[in-house]
Each structure stands twice: as C-alpha cells, then as structure tokens.
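Residue numbers (the working numbering): 1472 to 1933. C-beta: ideal position from N, C-alpha, C; glycine also. Model, not experiment: these values are computed from the prediction.
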Ligand code: NAI
C-alpha cells in the first residue's frame, strides 16, 4: 500500500494550496520542500516581500509628496534601509510560519529536502524513498537568463537580489518593462534611485490593454522612471563603479550603453523542474520547458501531475493556487475546474493596474463587435481625496448582448476593484447588471459602476 495518497513537490502557492485542499478532502498528504521555510518564491522572494517594500516606499512617497498638502507638517522622515529590510523579513516570516501552522492544522506532512522521482509512484527525499498514489509537480519557476548577462545577485540582480541590496543604489537599470521590472523599479524610484527601464518592445507591460499601458507609462514617467523602449539589451557587465548595460535600438541598430550602480534583470521566468529526474522518467515536455499536461493536469506518466508555473499559462500565484485546488478535487474523485477566461492580473505599483478577460486589441483581432465604457477616477470623490485621480476604469462589453468581455483598471486599489468584475464575468453578467447594482458612496468601486453605466446610457459623474 502506498504510504501517502498524494505527495506534492514544492510548497509554493500551487503546492501548499493543493496540499491543504487534499487534506481537507481526506487524502493522506505530504509536501516536499527543500527551502528552510514554506511558501515558495511567492512568500519568500516574490509577491509578499515585494509588497512589503512597495508599501513602505509608498508611505514614504505620501510623507514627502502629500502630507503637507493635508496640513501635516514637520521634519521629513528618512529611510533606515536595514530596518526597512527587517520589516520586509518580518512580513515574510509571519506568512511562511502561517503556512507551517496550516500544515499542522490540516495534518499535512512536510518532508524536508529536495525531491527526485526515481520511478512512477515514488519520491526520494535525501536517503528516504516514499511511495504515493499520486505525485504532483508544483516546483514553480526561476528567472530566465539573458545572453551575456551574468547575475551575481549583488550588482547584477534578479528580483531575488533586488529584495536584499546592501544599500539603496543611486542609479539602477532595469532590463525589461514587465511586472517585476516596474514593481521593483517603482520601489527604488521612490527611495530616490534614478531608475532607467530598457525594454525590447515599443510599449511597456506586453499583453496589457494598450490604452492602459500608455497611461501607465505616462504616470510612471511623472514619478521619475525613465524608459528606453525598442531597445534590445546585448549584455551587462560589472565594472569598477557598478555595472554597464549595452543595448541596440531596434529602429536603426544603433548601439549605446548605460552605467548604473545596480542592474535588475527582469526579462521573464522559466519553469523550474531541474533535478526531478523527469527526463529519465520519460515525462513529456513542451518546447518552452513546461511539463506537458492534459486538461486535468495529468502528465503522460500515470499518477504524475503538474500545476502552476511548471505548466503552460500565466505565471501567477493565484493561477497556481486555483490549479492546486482543482487538482486536489480531481484526485479526490470530484470535479475540479479552473476558468482560464477569468484570471485577473495585477501590477502593485501606485496607482495599481489590473485586468481581467479580453483587451481591446484582442477583441479587434477576433473581429468581435464590442463597446467601451470608461470612467476616469477624476470623477470619483474618494480617489481625489487621496490624490489618486489619475487613471480610469474601462469595461469592454459585447455590443449586442452587453455581456462583459473584459475590464482594465488603472487607479487606486485597482487590484481589489477588479474582483467584482471577475465575479460578474463568472456569472456571465452584462454591464447593465453591474450598473444596476448599488455601490456604496464614497468608494473607489463607484468608478467601476460608472464605467458599467458608460456601456449603456452614460456615466453620471463624467
Ligand atoms: P515579463 O514577461 O512580465 O516581462 C519581461 C519583459 O522583458 C518583456 O516586456 C520583454 O519584452 C522584456 N525583454 C526580454 N528580453 C529583453 C532584452 N534582451 N532587452 C530588453 N527587454 C527585454 O517578466 P517579469 O517582469 O520578469 O516577470 C516574470 C513573471 O512573473 C511574469 O509571468 C509575471 O506575470 C510574474 N510576476 C507577476 C507579478 C504580479 O502578478 N504582480 C509580480 C511579479 C512577477
């Protein structure tokens, strides 16, 4: 008899959520994790620590930019970097210990160490071999490398090194205007670092609704970030003074370089499955390094599944969590399901940027007849009270049926506001359904309702 019903490899958001749900459904569950703490990249060196630093530096920005406007006078605080990093570490600790508590509460066994899969149904951790009816690969992803760029995590860093810099750099070059580049670029820009973002494409945040991306770039530029777009980075090297990044402008092939104290490489992530022994096991992989799975997360090996960043789809913690829950239910003989059409995306800058469903560009490409309801936060009393009138809510709805097809928000609490639209989309709601729902005043969410109204007879405060 197998020792466990399920062994999950990796305790990130995909793995730990899958484990808790498995245990709740009565499966005897173990998780293999080699880090000292649970929570994976997200809790240890990703989502959570970056949000702590985004919060701290946002508060600093408020003190310097907005306090006097509100009549709060007095000496301006300065940054104790070691203490700020300590606060971040404390936030990490609270969260990782929280997962440990949940494992104990749900009787999930933590097998400490790095796993290999010597044969189907077996997981080796250290010298011990455990057997399981089902094995789940939830090993996540790692920063992808760039040719001629050697990361040392001190001067040339990935997001991991950017969370533990020894001091606040005077200048930073960020390679890649994706989510990591802009979130961490914002953190340092608010700390006084001169941040220059070098991006291969002609716009920031690829895949984002173009109108939102444009507004986002304008706002970030006002906050002091510099952008060099259409520039392919050719390499980066450590120099006596810091580092040098060389790039080629795509429009005319001209070459240039930038010097900076620190270089952040944020050009995407790739699945992390090294050392598991998947090749020897004969696990089918996709050309871009993901584990190939069917619609139920099953690989070609019986009893072996994969979820999260290790498989195809957006590399987002919440996508991994949802897959973890769905797979737990499937393994328990139920019907797990993830609606990939309604997965929100959020960039946690100030203002926040969020989206769900189709962009205008996608709808145009599909030749779909749609209408746009837009509302500026300038017309939202609450947003203006906190100096966040910039930005807007944009709802895209089917021209004939009024069904909501997508939504894009740039503005205060955009990352939370998006969820009422996610729920609406889950229920197949129309823009009118949202517009007819009473929204409390004064809240930011009134801007969502106004955008929904703008899909019909018009917003009130526009
Ligand atoms: P990304 O894929 O979001 O952006 C990478 C950017 O680098 C792209 O714009 C790309 O065009 C550019 N690039 C690539 N090669 C280049 C070169 N040689 N020169 C100049 N530019 C180049 O990747 P990122 O920001 O590293 O994030 C990795 C993953 O982590 C993403 O899937 C992201 O969704 C996820 N993530 C999500 C967060 C969130 O949901 N808030 C936060 C952080 C990461």
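Any contact of the segment 1544-1552 with the segment 1675-1693, i.e. 3+ C-beta pairs under 8 Å? Two segments are said to touch when three or more pairs of C-beta atoms, one from each, lie closer than 8 Å; by this definition the segment 1544-1552 does not touch the segment 1675-1693.
Determine the closest residue to residue 1651 out of 1900, 1630, 1862, 1780, with distance taken between C-alpha atoms. When each option's Cα is compared against that of residue 1651, the closest is 1630.
Does the distance between the C-beta of residue 1636 and the nearest non-hydrogen atom of the ligand NAI fall short of 7 Å? Answer for residue 1636: no, Cβ out of range of the ligand NAI.
If we count the other Cβ atoms within 10 Å of its Cβ and call it buried at 16 or more, is residue 1621 buried or exposed? Residue 1621 counts as exposed, since fewer than 16 other C-beta atoms from the protein chains shown sit within 10 angstroms of its C-beta.
Close-in-space but distant-in-sequence residues of the same chain around residue 1855 (CB under 8 Å, 5 per side omitted): Here the set comprises 1848, 1849.
At least three beta-carbon pairs within less than 8 Å, the segment 1501-1518 to the segment 1535-1544: By the Cβ rule, the segment 1501-1518 does not count as touching the segment 1535-1544, because fewer than three pairs are nearer than 8 Å.
Since residue 1907 contacts residue 1489 with CB under 8 Å, what's their CB separation in whole angstroms? With a Cβ gap of about 38 Å, residue 1907 and residue 1489 do not count as contacting.
Are three or more beta carbon pairs between the segment 1821-1831 and the segment 1798-1806 nearer than 8 Å? The segment 1798-1806 and the segment 1821-1831 do not touch, with fewer than three beta-carbon pairs separated by less than 8 Å.
Going by Cα to Cα distance, which pick from 1567, 1579, 1881 is closest to residue 1682? Closest in C-alpha terms to residue 1682, from the list 1567, 1579, 1881, comes 1881.
Whether residue 1627 touches residue 1707 by CB criterion (8 Å): Cβ atoms of residue 1627 and residue 1707: closer than 8 Å.
Measure the Cβ-Cβ separation of residue 1933 and residue 1846 and say whether it is below 8 Å. Yes, the pair counts as a contact, with Cβ atoms nearer than the cut-off.
List the DSSP bridge partners of residue 1756. In the DSSP assignment, the residues bridged to residue 1756 are 1762.
Here's the rule: buried if 16 or more other CB atoms are within 10 angstroms of the residue's CB, otherwise exposed. What is residue 1736? Around the beta-carbon of residue 1736, 16 or more other beta-carbon atoms lie within 10 Å, marking it buried.
What is the residue span of the beta strand (DSSP E) that residue 1793 lies within? Unbroken run through residue 1793 is the alpha helix (DSSP H), 1788-1802; no beta strand (DSSP E).
When burial is assigned at 16 or more other CB atoms within 10 Å of the CB, is residue 1686 buried or exposed? Answer is buried; the Cβ neighbour count reaches 16.
How long is the line joining the alpha carbons of residue 1861 and residue 1497, rounded to whole angstroms? Going from the Cα of residue 1861 to the Cα of residue 1497 covers about 49 Å.
Closer than 7 Å: is that where the CB of residue 1564 sits relative to any heavy atom of the ligand NAI? No; taking the cut-off as 7 Å, the Cβ of residue 1564 has no heavy atom of the ligand NAI nearer than that.
Do you know offhand how far residue 1560's Cα is from residue 1818's? The straight-line gap from Cα to Cα measures roughly 21 Å.
Write down every uninterrupted run of the beta strand (DSSP E) in the segment 1575-1605 whose length is 3 residues or greater and which is fully enclosed by it, in chain order. Runs of the beta strand (DSSP E) lying entirely within the segment 1575-1605, each at least 3 residues long, are 1580-1583, 1593-1596 in chain order.
Please say whether residue 1662 and residue 1690 have beta carbons closer to each other than 8 Å? Their beta carbons are not under 8 Å apart, which means residue 1690 does not touch residue 1662 by this criterion.
Does any residue of chain B have a CB that is nearer than 8 Å to the CB of residue 1482? Looking at the structure shown, chain B is missing, and only one protein chain is on hand.
Taking 7 Å as the cut-off, is the CB of residue 1478 close to at least one heavy atom of the ligand NAI? For the ligand NAI, not one heavy atom lies less than 7 Å from the Cβ of residue 1478.
For residue 1612, count neighbouring Cβ atoms within 10 angstroms of its own Cβ and tell me buried if that reaches 16, exposed if not. By the neighbour-count rule (16 or more Cβ atoms within 10 Å), residue 1612 is buried.
Contact test: residue 1690 Cβ vs the ligand NAI heavy atom, cutoff 7 Å: Residue 1690 has its Cβ no nearer than 7 Å to any heavy atom of the ligand NAI.
Test item: CB-CB of residue 1524 and residue 1658 under 8 Å: Their beta carbons are under 8 Å apart, which means residue 1524 touches residue 1658 by this criterion.
Please determine if the segment 1531-1540 and the segment 1515-1522 are in contact, where contact requires at least 3 C-beta pairs separated by less than 8 Å. Cβ pair count under 8 Å is below three, so no.
Rounded straight-line distance, which links the Cα of residue 1879 to that of residue 1582: In a straight line, the C-alpha of residue 1582 is about 42 Å away from that of residue 1879.
C-alpha distance - residue 1739 paired with residue 1928, whole-angstrom precision: Distance between the alpha carbons of residue 1739 and residue 1928: 42 Å.
Range of the contiguous alpha helix (DSSP H) that encloses residue 1534: Counting along the chain, the alpha helix (DSSP H) containing residue 1534 begins and ends at 1518-1536.
Exposed or buried, what is residue 1554 when buried is set at 16 or more other beta-carbons lying within 10 Å of its beta-carbon? With a 10 Å radius around the Cβ and a threshold of 16 neighbouring Cβ atoms, residue 1554 comes out exposed.
Is there contact here, the segment 1767-1785 with the segment 1600-1609, by at least three beta-carbon pairs under 8 Å? Yes, the segment 1767-1785 is in contact with the segment 1600-1609.
Let me make sure I understand the geometry here. Which of 1692, 1694, 1718, 1693 has the alpha-carbon closest to that of residue 1671? For the options 1692, 1694, 1718, 1693, the alpha carbon positioned closest to that of residue 1671 is the one of 1718.
Buried or exposed: which applies to residue 1601, given that a residue is buried once 16 or more other Cβ atoms fall within 10 Å of its Cβ? Around the Cβ of residue 1601, a 10 Å sphere holds 16 or more other Cβ atoms; the residue is buried.
Based on Cα-Cα distance, which residue from 1859, 1921, 1642 lies nearest to residue 1716? Considering only alpha carbons, the answer is 1642.
So what's residue 1657 in DSSP terms, helix, strand or just coil? In the three-state reduction of the DSSP assignment, residue 1657 falls in the helix class, which pools H, G and I.
Hey, how far is the Cα of residue 1724 from the Cα of residue 1667? Between the alpha carbons of residue 1724 and residue 1667 lies a gap of roughly 20 Å.
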